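A.B. asks: Let me begin by handing over the structure; questions about it come next.
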Amino acid sequence: MITAKQICFGYKKEDQVLNGLSLNLEHPGIYGLLGKNGAGKTTLLKLLAGSLFPDQGQVYIDRISTQERHISSLQQVYYLAERTESPDWTARRLGNIYGKLYPNFDQTQYLHYLDIFEVNPDIRHKSLSMGQQKKVEISFALATQVPYLFMDEPTNGLDILSKKQFRKLISQYTSEQQILIISTHQFREIDRIIDRLLIVDNKDLVLNQSLEDISEQFLFSDAPLADEQLLYQDEGILGKYGLYSNPSKRVSTLDIELLFTAICNHPDLLKNIQSYENNV
Amino acid sequence: MKTTFNLTRLGIGLQEFYYLYWKDFRTMALLVLIFAIVGNLYPTSIFYEFILRDSKENLSIDTAYKLISGKSVTMRQLMFIPMLLTVPVLYQFIKRIRTTISRNLLPLSSWENTLIPILATLGILLTLSLEIYLLDTIITQIYHWLFYDDAMRLIAQDGQLYPYIDPYAYFNHIPLSLYLFSFNKLIVIIIVIMIGLLSIWEMRFLKLAGLCVFVAGIYLANFWISFRTYNRAMITFENSIGIPQFIYNVCLLIISLYIIKHLFKESQV
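Keeping their order, the protein sequence lines are chains A and B.
The first sequence finishes on residue 323 if you use the working numbering, and the numbering steps up by one all the way, no holes.
The second sequence finishes on residue 271 if you use the working numbering, and the numbering steps up by one all the way, no holes.
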């Protein structure tokens with residue numbers, strides 16, 4: 044379990060990116076991490092992975108503080124950065140050397156993922172295109188089979204077909220015990236594969252819920268609903284989209300974009316719905 | 003202990019270091035070779051004049067004295083080429099740990115990250131020293147074979163039947179003390195460079211100031227325990243290694259390793 048307790052962090056003292064954020068990651072599954080530009084998504088992922096240390100508060104990986112840089116913690120986490128970082132080795136050598144550092148790393152699986160992505164494992168990193176380099180890193184990250192896998196904008200640089208392959212790989216090969224957080228701006232790339240949603244806004248984590256719970260809590264509709272309370276309305280190309288409260292637990296198709304826009308534009312929306320539900 | 007230091011992980015780290023910088027090692031080895039060749043073949047050098055001379059038998063008396071008085075400076079300076087070349091490699095390695103998130107988060111402890119560059123640098127220095135030793139042996143043998151008899155005959159004709167042959171003469175190998183002295187200095191310099199690079203990266207100016215005091219201390223202490231003798235280079239490890247000096251070196255190494263380990267542990271990307 045990863046626990047963040049009241050963490051504050053800023054790259055400059057006077058400008059905090061995250062302020063008093065708390066988070067418990069205990070439910071395995073695929074998390075989508077959303078937030079506006081500069082909201083602190085990458086910072087949060089780096090803090091959870093132990094690449095950055097909070098100015099205040101603590102992050103624990105299985106009760107061990109990330110600041111201890113304990114080997115057992117580091118072996119459980121893999122952070123896939125937005126830009127490619129691998130040395131100029133062949134993908135095979137990358138697996139042969141760095142793979143040994145992760146106890147569950149599977150070289151055969153790694154080569155299999157590369158095969159799915161149609162990347163030759165014997166070509167040096169710098170000779171590959173940016174998209175192919177990204178594919179190598181995604182394949183390596185998945186093959187580590189670490190319990191906590193963080194991916195920062197993993198589909199940046201991938202073509203349409205590769206994005207599809209990425210989604211397929213994620214849904215097929217992420218184990219049931221794994222926690223995978225994907226930070227992205229591309230809602231539609233992940234909406235079918237994620238189980239839970241995290242939203243960072245106003246220097247804090249404002250939402251950490253399963254899609255199931257969100258669907259029970261909210262009703263999404265492009266037609267006016269007279270019997271439910273309208274929480275937020277957004278003008279789309281094809282008409283008006285409404286976010287409604289859902290006390291009667293009606294079924295609707297989750298619209299992540301609408302929910303995200305609503306939360307960002309009305310920070311009190313989640314508090315209001317909570318009090319509304321309590322009243323009902 | 004297993005979690006903070008593990009030989010398998012250290013081996014993986016060294017393997018990583020090798021595959022990252024093997025091209026640099028190759029360049030270093032090549033540069034040492036080129037420097038050794040150029041150092042003996044530059045215009046006005048003994049070899050150069052020997053090749054250009056019409057009559058190979060006629061060695062001048064000046065050249066004969068030059069041959070016994072000391073090698074060209076270039077050959078001695080060859081010892082410091084490895085150090086100059088290892089600094090950029092160390093810089094790149096530390097930069098990689100300090101700027102690449104996936105490398106920074108690799109399951110390698112701060113002790114392992116400390117020992118990887120130090121052991122790798124030791125390996126480079128030993129390999130290059132071996133190369134220098136082999137080159138020196140070959141070059142010395144060539145000088146011996148080509149010029150020794152003629153030079154001795156000419157000097158004897160000049161009246162010196164028992165001439166003093168300098169330890170650094172063309173006919174002698176580079177003395178072992180110079181290897182030891184260079185090695186000792188190189189390790190200290192490399193450790194200091196590592197601490198400096200790590201401190202600068204963190205912009206910890208207090209540590210940087212501490213580093214300056216540390217460096218000054220090293221050199222003052224080294225100056226104090228070293229001695230000079232007439233017509234010889236400064237020698238730290240002479241025939242006997244004094245206990246105080248040995249203790250000093252061990253303490254220095256332990257303190258340095260702890261500082262580097264601490265700086266690695268603090269590293270954030």
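By construction, the Cβ of each residue, glycine as well, lies at the ideal position given by its N, Cα and C atoms.
All values reported here derive from a predicted model rather than from experimental measurement.
Below 7 Å on C-beta distance, what does Gly-93 (chain A) contact in chain B?
C.D. replies: Within 7 Å Cβ-Cβ: Leu-107.
A.B. asks: Is Val-120 (chain A) close to chain B, meaning its C-beta is less than 8 Å from at least one C-beta of that chain?
C.D. replies: For Val-120 (chain A), the answer is yes, since a Cβ of chain B falls inside 8 Å of its Cβ.
A.B. asks: Check whether the Cβ atoms of Val-190 (chain B) and Leu-130 (chain B) lie closer than 8 Å to each other.
C.D. replies: Cβ atoms of Val-190 (chain B) and Leu-130 (chain B): not closer than 8 Å.
A.B. asks: How big is the Cα-Cα spacing for Leu-117 (chain B) and Met-30 (chain B)?
C.D. replies: Rounded to whole angstroms, Leu-117 (chain B) to Met-30 (chain B) spans 21 Å at the Cα level.
A.B. asks: Opposite Arg-167 (chain A) in the DSSP bridges: which residues?
C.D. replies: Answer is A:Thr-133.
A.B. asks: So, for Ser-214 (chain A): in the same chain, excluding its five sequence neighbours on each side, which residues have a beta-carbon less than 6 Å away from its beta-carbon?
C.D. replies: So the list reads Ile-236, once near-sequence residues are dropped.
A.B. asks: So, helix, strand or coil for Lys-56 (chain A), using DSSP?
C.D. replies: Three-state DSSP puts Lys-56 (chain A) in coil, outside helix and strand.
A.B. asks: At a Cβ threshold of 8 Å, is Leu-265 (chain B) touching chain A?
C.D. replies: Leu-265 (chain B) does not count as touching chain A.
A.B. asks: What does Phe-261 (chain A) pair with, by DSSP beta-bridge criteria?
C.D. replies: Phe-261 (chain A) pairs with A:Ser-288.
A.B. asks: Tell me which residues share the same chain as Ser-186 (chain A) and place their Cβ nearer than 8 Å to its Cβ, disregarding the 5 neighbours each side in the sequence.
C.D. replies: As written in the sequence, residue 186 (chain A) is Ala, which differs from the Ser given in the question. Hits under 8 Å: Gly-138, Gly-142, Phe-148, Asp-149, Gln-150, Gln-152, Tyr-153 and Tyr-156.
A.B. asks: I'd like to know if Tyr-54 (chain A) contacts chain B, where contact means its C-beta is closer than 8 Å to some C-beta of that chain.
C.D. replies: False, the Cβ-Cβ gap to chain B never drops below 8 Å.
A.B. asks: 8 Å is my cut-off, CB to CB: does Glu-255 (chain A) come that close to chain B?
C.D. replies: No, no contact with chain B.
A.B. asks: Who pairs with Val-249 (chain A) in a beta bridge, going by DSSP?
C.D. replies: Paired residue(s): none; Val-249 (chain A) is not in a bridge.
A.B. asks: Assuming Val-271 (chain B) and Ile-96 (chain B) are in contact, meaning their beta carbons sit under 8 Å apart, how far apart are those beta carbons, in whole angstroms?
C.D. replies: Val-271 (chain B) to Ile-96 (chain B), Cβ: 12 Å. No contact.
A.B. asks: If you draw a straight line from the alpha carbon of Phe-239 (chain B) to that of Asn-251 (chain B), how long is it in whole angstroms?
C.D. replies: Summary for Phe-239 (chain B): the model assigns pLDDT 45, below 50, so the residue's position carries little reliability, and this model does not support an answer.
A.B. asks: Using 8 Å as the Cβ pair cut-off and three pairs as the minimum, do the region 131 to 144 of chain B and the region 223 to 234 of chain A touch?
C.D. replies: The region 131 to 144 of chain B is not in contact with the region 223 to 234 of chain A.
A.B. asks: State the Cα-Cα distance for the pair Phe-303 (chain A) and Gln-49 (chain A), rounded to the nearest angstrom.
C.D. replies: Rounded to the nearest angstrom, the two C-alpha atoms are 23 Å apart.
A.B. asks: Mark Phe-82 (chain B) as exposed unless 16 or more other C-beta atoms lie within 10 angstroms of its C-beta, in which case mark it buried.
C.D. replies: Answer is exposed; the Cβ neighbour count stays below 16.
A.B. asks: Start and end of the beta strand (DSSP E) containing Tyr-170 (chain B)?
C.D. replies: Taken as a continuous stretch (DSSP letters only), Tyr-170 (chain B) belongs to no beta strand (DSSP E), as it is neither H nor E.
A.B. asks: Could you name the residues of the same chain whose beta carbon sits closer than 7 Å to that of Gln-260 (chain A), not counting the 5 residues immediately before and after it, in chain order?
C.D. replies: If we look at Gln-260 (chain A) and ignore the five residues flanking it on each side, its Cβ neighbours are Asn-289 and Ile-316.
A.B. asks: Just confirm the distance between the C-beta atoms of Val-60 (chain A) and Gly-83 (chain A), as a whole number of angstroms; I'd bet it's less than 8 Å.
C.D. replies: 4 Å between Cβ atoms; contact.
A.B. asks: Excluding the 5 residues preceding and the 5 following His-309 (chain A) in the sequence, name in chain order all residues of the same chain whose CB lies nearer than 7 Å to its CB.
C.D. replies: These residues qualify, in order along the chain: Tyr-275.
A.B. asks: Between the region 116 to 146 of chain A and chain B, which residues of the former have a C-beta closer than 8 Å to a C-beta of the latter?
C.D. replies: Those residues of the region 116 to 146 of chain A that come within reach of chain B (Cβ to Cβ, closer than 8 Å) are Leu-117, Gln-118, Val-120, Tyr-121, Tyr-122, Leu-123, Ala-124, Glu-128, Ser-129, Pro-130, Trp-132, Arg-136, Ile-140, Tyr-141, Lys-143, Leu-144 and Tyr-145.
A.B. asks: What did DSSP end up calling Ile-237 (chain A) once you bin it into helix, strand or coil?
C.D. replies: Ile-237 (chain A): coil per DSSP, three-state reduction.
A.B. asks: Is Ile-45 (chain A) closer than 8 Å to Tyr-103 (chain A) when the C-beta atoms are compared?
C.D. replies: Yes, they are a contact pair.
A.B. asks: Just list the alpha helix (DSSP H) runs in the region 95 to 134 of chain B, keeping only unbroken ones of 4 residues or longer that don't cross its boundaries, in chain order.
C.D. replies: 103 to 106, all fully within the region 95 to 134 of chain B.
A.B. asks: Measuring CA to CA, which of A:Glu-57, A:Asn-163, A:Asp-234 and A:Ala-124 is closest to Glu-180 (chain A)?
C.D. replies: Glu-180 (chain A) has its Cα closest to that of A:Ala-124, out of A:Glu-57, A:Asn-163, A:Asp-234 and A:Ala-124.
A.B. asks: Buried or exposed for Cys-57 (chain A), please, with buried defined as at least 16 other CB atoms from any protein chain shown within 10 angstroms of its CB.
C.D. replies: According to the sequence shown, residue 57 (chain A) is Glu rather than Cys. Its Cβ having fewer than 16 others within 10 Å, Glu-57 (chain A) is exposed.
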